[in-house]
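There are 2 protein chains.
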Amino acid sequence: MTTTRAEPQPADFADVRTTNLAVVLRHLRAHGPSSRAAIAASTGLTKATVSSLTGDLIAHRLLRETGLSGNRIGRPATALTLDGSAYAAIGIQVSPGQLTALAVDYAGDQLLLWHRAFEPRRMNSEIVALAQRAASRVRQHGRHLLGLTVAVPSPDLRDLIAGSLRQKDLVVTVAHHAVLAAVAEQRQAGRPGGDLAYISGAAGLEAGLILDGHVRRGGRLGGFTLGPAGSPTLQDQAGIETLVKRALPDFDPSALIDLGPAVEQVAARARAGDAVALATLAHTGSYLGQGLAVLTNLINPEVMILGDHFATLAEWLIPAARAELSRHGKASAVRVVASTLGLHAAALGGAVAHLDQVDIGRIPQPVG
Amino acid sequence: MTTTRAEPQPADFADVRTTNLAVVLRHLRAHGPSSRAAIAASTGLTKATVSSLTGDLIAHRLLRETGLSGNRIGRPATALTLDGSAYAAIGIQVSPGQLTALAVDYAGDQLLLWHRAFEPRRMNSEIVALAQRAASRVRQHGRHLLGLTVAVPSPDLRDLIAGSLRQKDLVVTVAHHAVLAAVAEQRQAGRPGGDLAYISGAAGLEAGLILDGHVRRGGRLGGFTLGPAGSPTLQDQAGIETLVKRALPDFDPSALIDLGPAVEQVAARARAGDAVALATLAHTGSYLGQGLAVLTNLINPEVMILGDHFATLAEWLIPAARAELSRHGKASAVRVVASTLGLHAAALGGAVAHLDQVDIGRIPQPVG
Numbered sequence: 004m005t006t007t008r009a010e011p012q013p014a015d016f017a018d019v020r021t022t023n024l025a026v027v028l029r030h031l032r033a034h035g036p037s038s039r040a041a042i043a044a045s046t047g048l049t050k051a052t053v054s055s056l057t058g059d060l061i062a063h064r065l066l067r068e069t070g071l072s073g074n075r076i077g078r079p080a081t082a083l084t085l086d087g088s089a090y091a092a093i094g095i096q097v098s099p100g101q102l103t104a105l106a107v108d109y110a111g112d113q114l115l116l117w118h119r120a121f122e123p124r125r126m127n128s129e130i131v132a133l134a135q136r137a138a139s140r141v142r143q144h145g146r147h148l149l150g151l152t153v154a155v156p157s158p159d160l161r162d163l164i165a166g167s168l169r170q171k172d173l174v175v176t177v178a179h180h181a182v183l184a185a186v187a188e189q190r191q192a193g194r195p196g197g198d199l200a201y202i203s204g205a206a207g208l209e210a211g212l213i214l215d216g217h218v219r220r221g222g223r224l225g226g227f228t229l230g231p232a233g234s235p236t237l238q239d240q241a242g243i244e245t246l247v248k249r250a251l252p253d254f255d256p257s258a259l260i261d262l263g264p265a266v267e268q269v270a271a272r273a274r275a276g277d278a279v280a281l282a283t284l285a286h287t288g289s290y291l292g293q294g295l296a297v298l299t300n301l302i303n304p305e306v307m308i309l310g311d312h313f314a315t316l317a318e319w320l321i322p323a324a325r326a327e328l329s330r331h332g333k334a335s336a337v338r339v340v341a342s343t344l345g346l347h348a349a350a351l352g353g354a355v356a357h358l359d360q361v362d363i364g365r366i367p368q369p370v371g
Numbered sequence: 004m005t006t007t008r009a010e011p012q013p014a015d016f017a018d019v020r021t022t023n024l025a026v027v028l029r030h031l032r033a034h035g036p037s038s039r040a041a042i043a044a045s046t047g048l049t050k051a052t053v054s055s056l057t058g059d060l061i062a063h064r065l066l067r068e069t070g071l072s073g074n075r076i077g078r079p080a081t082a083l084t085l086d087g088s089a090y091a092a093i094g095i096q097v098s099p100g101q102l103t104a105l106a107v108d109y110a111g112d113q114l115l116l117w118h119r120a121f122e123p124r125r126m127n128s129e130i131v132a133l134a135q136r137a138a139s140r141v142r143q144h145g146r147h148l149l150g151l152t153v154a155v156p157s158p159d160l161r162d163l164i165a166g167s168l169r170q171k172d173l174v175v176t177v178a179h180h181a182v183l184a185a186v187a188e189q190r191q192a193g194r195p196g197g198d199l200a201y202i203s204g205a206a207g208l209e210a211g212l213i214l215d216g217h218v219r220r221g222g223r224l225g226g227f228t229l230g231p232a233g234s235p236t237l238q239d240q241a242g243i244e245t246l247v248k249r250a251l252p253d254f255d256p257s258a259l260i261d262l263g264p265a266v267e268q269v270a271a272r273a274r275a276g277d278a279v280a281l282a283t284l285a286h287t288g289s290y291l292g293q294g295l296a297v298l299t300n301l302i303n304p305e306v307m308i309l310g311d312h313f314a315t316l317a318e319w320l321i322p323a324a325r326a327e328l329s330r331h332g333k334a335s336a337v338r339v340v341a342s343t344l345g346l347h348a349a350a351l352g353g354a355v356a357h358l359d360q361v362d363i364g365r366i367p368q369p370v371g
C-alpha cells in the first residue's frame, strides 16, 4: 500500500537538528559504541555536524566518551556510547484490584517495580499517591524524570485520572493499556517501523495497535458481536473470565479480583491433561482466532502478540487460533506469538512512551 | 493517544527542500493566489527561500504568475497561483463485469471517464489495453502522466495485474479499491490529517482506512464472523447481494453482473414505501452498524463514509446503523455519512494517489 505524509510543516533548522539527534541516538542504539567518524560515515552526516550533535548529547548526559574505539584503522578515536542513566520515566498500570508502578531509565535499567492493592472507590487517590511516591523515589536517585503515564483499560477513566494527576513539575499522560503494552513490545522487538497488534485479556478483551511504527490505536476487541440484540460478544466467548469460569467449574472467579492465580491454575490443569480445561482452551482459542481474523482482514499486522493472561495460556490458545485463521485463509499471512513481557507490559510501555520522545530527538532540558 | 515517528532518516537539504515545496503548494491550495511575500509571511520561510522554491515550481509548471495581488498594502506584488494542468494521473477501477478509467490533472479537472464491459477470463488483457489507451489519450493532450493506479477488490489480483502492466514509461501501482476510495474522500474533504473509514459494497463488503491522514490500510470487513464453523459472516447479513436478493424477491440478482440497477430499484421501492424493501434495508443497516461498531472500537475514526451502493441507500441504512451504534454506546462518538463521489471513487482515488505525491513536494521531472 502506498502511503503519503500528513500536511507538511515548514522544515526549519530545529526540525533538522531534532531529526539528526535522533539519527545519532538510533545509530548508537543499533551499533553500540562508535567514534564520531564512524557515526558520520554511516549516517551520511558531516563530521562537523556529528561533532556538534554529539557535543549536545554529551551535555545532556545522553552520551559519554568511553576510551578508545578498536574498530578503526589508523589513529585510534574516542568512542561514544549511550548513557541515559540520568533520565527515567514511570508507568502506572491500573489492573482489577491492583496498581503497578514501574520506572526505567533511558539505558533500559528498571529502577522500581511496586504493586499496591486498592479499593475501587479509592482508585483515583491511590493512583495519585503512588505516582507521587514513585516520582520522588526516582528523583531521590538523581534521575531527571521525563514523564509518567497511567495505563487504563477504558477511555472513560482517562479524563478523570488526568485531571487529578495534573501537577506542574511532571508530564503526565493517560493512555489505553493495550496500546501501551504494544509500545513496550515494539521497543522490546527493537523494530521501530512496521505494524504490531497486542491482545490483552487483563481487563476484558482489548487490542493495542501500532501501525507504520508510530500510529497508535486501540480499544475493545471483545465488543464484537454479530447477531440480534443480546447475542454473545467475542468477550463472552473468548474473555479470560469466561475461560476461568468454564475451565475451573469448581471455584467461583467472581469472588476473585485478580484472575492471575486462577489462570495459572487453568494452565496447571491443562498441563495435567484435564479434559475440561483443554476443551475450554480450545474453545477460547478458536474464538480468539475469529478476533485475530478481523484484525488481519482490516489491518493485516505483521505480528499479533497474545499478552498477559493469554500469554500464560499461549501454548494451548495459539494452535486453536491458528486453526481458525486457516479457516479464514489467513494463517499463512500472519505471525501469532506469545508476549514475553509478563503482566506489567502496559506499565513498561507507559514509561517507554516518554523515553521514545528522546529517541526521536526531543532531548530534555539540560540537567542541574 | 501520543504518537512517535518511525525511525528517522538523516535530514539532508533535499528533505528540507521537499518539505518546503510541499508547504508552499499547501499554502496556495488553501489560500488561493498569493504573493511571494504573503507566502513567506504565513509559512515562516524566508523571502529568499520562497523565491527559490516558487521559481522551481514555476519551472515545473506547477505554479504560474497571475498579474497583481490585491490583498497587499503598498507596492502591488505579482500573485502566484497553482496551475498543475501540465500533470495528470489515471485510475482504473475493476468492478464486477466493468472496468472504469478516469484521468484527472493536478488542477483537479477530469480529463476522461471511460467504462468498458469485460469478460472475467479476459480481465488482465482488457486492463492492459484500457491502461494503454488512457495513457496515450492523456499524453495526446500534452499532459505529463505522473502514474496509473489499478483499484482491485482483492489483494490476490494485485501481483497478477502489476506483473502484466509493468512498462518502462509509466509508474503503475495496484491497490485495494476501498482504500483508494478513502484517498479520494480525503482529498475531497480537503483535510490532510485525521482518520477516515470508507465502507464499500461494490465487491463484497470492504473497508478502506486512512489513519493520521497518511497511513492506509484496508480489507474485507465482510469476512467478520462470530460462531462455530459455517456461521453467517457480516457480508452474508449486510452485503449488497444479500440485500438485493431479499429486497427484490421477484428477480434473480445472480443473473446480474453489475448490481447498480438492482440497487436503484431497491431505492425506488423503499421510496414508494414497499414493506419488504424497507424491512431489508433496516436489517442490512443494523448489521452494517455492527461492522461500524468494530471499526469504532478498534480505531475510532472521526468519520465513517458509506460508499458506492451503500451511499445510494444511505437514507435508510444510516438511521438503522446509528441505532446499532447506540446499542454499543458509540453513536455519539462517531460521524456516519454517505459518500458524494458516486460509483467511481476508487478510480478517482487511484489517480489522486499519484497527485498526492506532488502535494508532499515530490515534484516530477521538468516537462519537455
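Sequence lines, in order, name chains Z and F. Position one of the first sequence corresponds to residue 4 (my numbering), numbered consecutively onward. Position one of the second sequence corresponds to residue 4 (my numbering), numbered consecutively onward. Every residue gets a Cβ at the ideal spot worked out from N, C-alpha and C, and that includes glycine. Only a predicted model underlies this, so the values are computations on that prediction, with no experimental measurement involved.
### Any chain Z beta carbon closer than 8 Å to L328 of chain F
As a position in the second sequence, residue 328 of chain F is number 325, starting the count at 1. Not closer than 8 Å to any Cβ of chain Z, the Cβ of L328 of chain F fails to qualify, so no.
### Query
Quick one, are the C-beta atoms of Q189 of chain Z and I164 of chain Z less than 8 Å apart?
In the first sequence, the residue the question calls residue 189 of chain Z occupies position 186. In the first sequence, the residue the question calls residue 164 of chain Z occupies position 161. Between Q189 of chain Z and I164 of chain Z, the gap from beta carbon to beta carbon reaches 8 Å or more.
### Message
On a Cα-Cα basis, can you pick out the residue from Z:H180, Z:R146 and Z:A241 that is closest to S289 of chain Z?
### Response
Here residue 289 of chain Z corresponds to residue number 286 of the first sequence, with the count starting at 1. Ranking Z:H180, Z:R146 and Z:A241 by Cα distance to S289 of chain Z puts Z:A241 first.
### Message
So, at 8 Å on beta carbons, what are the nonlocal neighbours of G338 of chain F in its own chain, with the 5 sequence-adjacent residues on each side left out?
### Response
Within the second sequence, residue 338 of chain F is the residue found at index 335, counting from 1. The displayed chain sequence assigns Arg, not Gly, to residue 338 of chain F. Excluding positions up to five away in sequence, the list reads E305, V306 and M307.
### Query
From F:I202, F:A134, F:A356 and F:G216, pick the residue whose C-alpha is nearest to that of G111 of chain F; which is it?
Indexing the second sequence from 1 puts residue 111 of chain F at position 108. Of the listed residues, the one whose Cα sits closest to G111 of chain F is F:A356.
### Query
Short check: CB of R330 of chain F to CB of A232 of chain Z, under 8 Å?
Working through the second sequence from its first residue, we reach residue 330 of chain F at position 327. Working through the first sequence from its first residue, we reach residue 232 of chain Z at position 229. Against a cut-off of 8 Å, the Cβ pair of A232 of chain Z and R330 of chain F comes out as a contact.
### Task
Please classify V370 of chain F: is it buried, with 16 or more other beta-carbons within 10 angstroms of its beta-carbon, or exposed?
Position 367 of the second sequence, counted from the first residue, corresponds to residue 370 of chain F. Its pLDDT being 44, under 50, V370 of chain F is placed unreliably in this model, and the value from its coordinates should be taken loosely. With fewer than 16 other Cβ atoms within 10 Å, it is exposed.
### Task
Give a yes or no on contact between the segment 144 to 158 of chain Z and the segment 90 to 106 of chain Z, applying the rule of three or more CB pairs nearer than 8 Å.
yes
### Query
When we look at the beta-carbon of A318 of chain Z and count the other beta-carbons within 10 Å, is it buried (16 or more) or exposed?
As a working mapping, residue 318 of chain Z is identified with position 315 in the first sequence. Reading the sequence as shown, one finds Glu at residue 318 of chain Z and not Ala. Exposed: under 16 other Cβ atoms inside 10 Å.
### Query
From this set, Z:G87, Z:D108 and Z:L24, which residue's C-alpha is nearest L56 of chain Z's C-alpha?
Working through the first sequence from its first residue, we reach residue 56 of chain Z at position 53. Minimum Cα distance to L56 of chain Z is reached at Z:L24.
### Task
Taking L229 of chain F as the query, report the chain C residues whose CB atoms sit under 7 Å from its CB, ordered along the chain.
Absent from the structure: chain C. Protein chains present are Z and F.
### Cβ pair L66 of chain F, I366 of chain F closer than 8 Å
Sequence index remark: in the second sequence, residue 66 of chain F carries index 63 (1-based). Sequence index remark: in the second sequence, residue 366 of chain F carries index 363 (1-based). Cβ distance not < 8 Å, so L66 of chain F and I366 of chain F don't count as in contact.
### Query
So what's H147 of chain Z in DSSP terms, helix, strand or just coil?
Taking the first residue of the first sequence as 1, we reach residue 147 of chain Z at position 144. The answer is strand: DSSP assigns H147 of chain Z an E or B state.
### Query
Can you check whether the CB of G94 of chain Z is closer than 8 Å to the CB of A350 of chain Z?
The residue given as residue 350 of chain Z occupies position 347 in the first sequence. The residue given as residue 94 of chain Z occupies position 91 in the first sequence. Yes.
### Task
Using a Cβ cut-off of 8 Å (strictly closer), state whether G35 of chain Z contacts chain F.
Against the first sequence, residue 35 of chain Z aligns to sequence position 32. Judged by the 8 Å Cβ criterion, G35 of chain Z is not in contact with chain F.
### Task
Going by CA-CA distance only, name the one from Z:T49, Z:D277, Z:G145 and Z:S98 that's closest to Y90 of chain Z.
Counting from one through the first sequence, the residue named residue 90 of chain Z turns up at place 87. Measuring from the Cα of Y90 of chain Z, the nearest candidate turns out to be Z:G145.
### Query
Since L214 of chain F meets chain Z, which of its residues come closer than 8 Å, beta carbon to beta carbon?
Taking the first residue of the second sequence as 1, we reach residue 214 of chain F at position 211. In chain order: L214, V218 and R220.
### Task
Counting only the same chain and skipping the five closest in sequence on each side, list residues whose C-beta sits under 7 Å from that of V247 of chain Z.
The residue you call residue 247 of chain Z lines up with position 244 of the first sequence. These residues qualify, in order along the chain: P256, L262, A265, V266 and V269.
### Query
Listing by chain order, which chain F residues have their CB less than 7 Å from the CB of R223 of chain Z?
Against the first sequence, residue 223 of chain Z aligns to sequence position 220. Simply N300.
### Query
With respect to the alpha helix (DSSP H) encompassing T299 of chain F, which residues constitute its N-terminal and C-terminal limits?
Indexing the second sequence from 1 puts residue 299 of chain F at position 296. It spans A278 to L301 - the alpha helix (DSSP H) in which T299 of chain F sits, taken as one unbroken run.
### Query
Could you give the C-beta distance for L36 of chain F and T69 of chain F, rounded to a whole number, given that I count them as a contact under 8 Å?
The sequence position of residue 36 of chain F within the second sequence is 33, counting from 1. The sequence position of residue 69 of chain F within the second sequence is 66, counting from 1. It is worth fixing the name first, because residue 36 of chain F is Pro in this sequence and not Leu. Yes, P36 of chain F and T69 of chain F are in contact; Cβ-Cβ is about 5 Å, under 8 Å.
### Nonlocal neighbours in the same chain, by C-beta distance under 6 Å from L358 of chain Z, ignoring five residues either side
Here residue 358 of chain Z is taken as the residue at index 355 of the first sequence, counted from 1. Excluding sequence neighbours, L358 of chain Z sits near A92 and Y109.
#### Entry: Bridge-paired residues (DSSP) for I164 of chain Z
As a first step, residue 164 of chain Z is located in the first sequence; it is residue number 161 there, counting from the start. Paired residue(s): none; I164 of chain Z is not in a bridge.
### Query
What residues in the segment 19 to 32 of chain Z have a beta carbon less than 7 Å from any beta carbon of chain F?
Those residues of the segment 19 to 32 of chain Z placed with their C-beta closer than 7 Å to a C-beta in chain F are V19, T22, N23, A25, V26 and R29, ordered along the chain.
### Query
Under 8 Å between the Cβ atoms of R223 of chain Z and N127 of chain F?
The residue you call residue 223 of chain Z lines up with position 220 of the first sequence. The residue you call residue 127 of chain F lines up with position 124 of the second sequence. Going by C-beta atoms, R223 of chain Z is not nearer than 8 Å to N127 of chain F.
### Query
Less than 8 Å separating the beta-carbons of I321 of chain F and A341 of chain F?
Taking the first residue of the second sequence as 1, we reach residue 321 of chain F at position 318. Taking the first residue of the second sequence as 1, we reach residue 341 of chain F at position 338. Yes; because the gap between Cβ atoms is below 8 Å, this pair is in contact.
### Query
Which one or two residues does DSSP pair with S203 of chain F in a beta bridge?
Counting from one through the second sequence, the residue named residue 203 of chain F turns up at place 200. F:E209.
#### Entry: Near-chain Z residues of the segment 330 to 361 of chain F (beta-carbon distance less than 8 Å), N- to C-terminal order
R330, H331, A356, D359 and Q360
### Message
According to DSSP, Y90 of chain Z sits in a beta bridge with which residue or residues?
### Response
If you number the first sequence from 1, residue 90 of chain Z lands on position 87. Paired residues: Z:H147.
### Message
On a Cα-Cα basis, can you pick out the residue from Z:V186, Z:R20 and Z:G226 that is closest to L328 of chain F?
### Response
One-based indexing of the second sequence puts residue 328 of chain F at position 325. Looking at the Cα atoms, Z:G226 is the closest of the given residues.
### Task
Return helix, strand or coil for T21 of chain Z, following the three-state DSSP convention.
Counting from 1 along the first sequence, the entry for residue 21 of chain Z is found at position 18. Of the three classes helix, strand and coil, the one that applies to T21 of chain Z here is helix, per DSSP.
### Task
Since I believe V218 of chain Z is in contact with V218 of chain F (beta carbons under 8 Å), could you give me their beta-carbon distance rounded to a whole number of angstroms?
Taking the second sequence and counting its residues from 1, the one referred to as residue 218 of chain F is at position 215. Taking the first sequence and counting its residues from 1, the one referred to as residue 218 of chain Z is at position 215. With 8 Å as the limit, V218 of chain F and V218 of chain Z qualify as a contact, their Cβ atoms being about 5 Å apart.
### Query
Secondary structure at L224 of chain F, three-state DSSP: helix, strand or coil?
As a first step, residue 224 of chain F is located in the second sequence; it is residue number 221 there, counting from the start. Three-state DSSP puts L224 of chain F in coil, outside helix and strand.
### Message
So, at 7 Å on beta carbons, what are the nonlocal neighbours of L259 of chain F in its own chain, with the 5 sequence-adjacent residues on each side left out?
### Response
As a working mapping, residue 259 of chain F is identified with position 256 in the second sequence. Result list for L259 of chain F: A265, in chain order.
#### Entry: Residue span of the alpha helix (DSSP H) that contains V355 of chain Z, given as start and end
Locating residue 355 of chain Z in the first sequence gives position 352, where the first residue counts as 1. Here the alpha helix (DSSP H) through V355 of chain Z covers A348 to D362.
### Query
Whose C-beta lies closer than 7 Å to the C-beta of R140 of chain F among residues of the same chain, with five residues either side of it excluded?
In the second sequence, residue 140 of chain F corresponds to position 137, counting from 1. L115.
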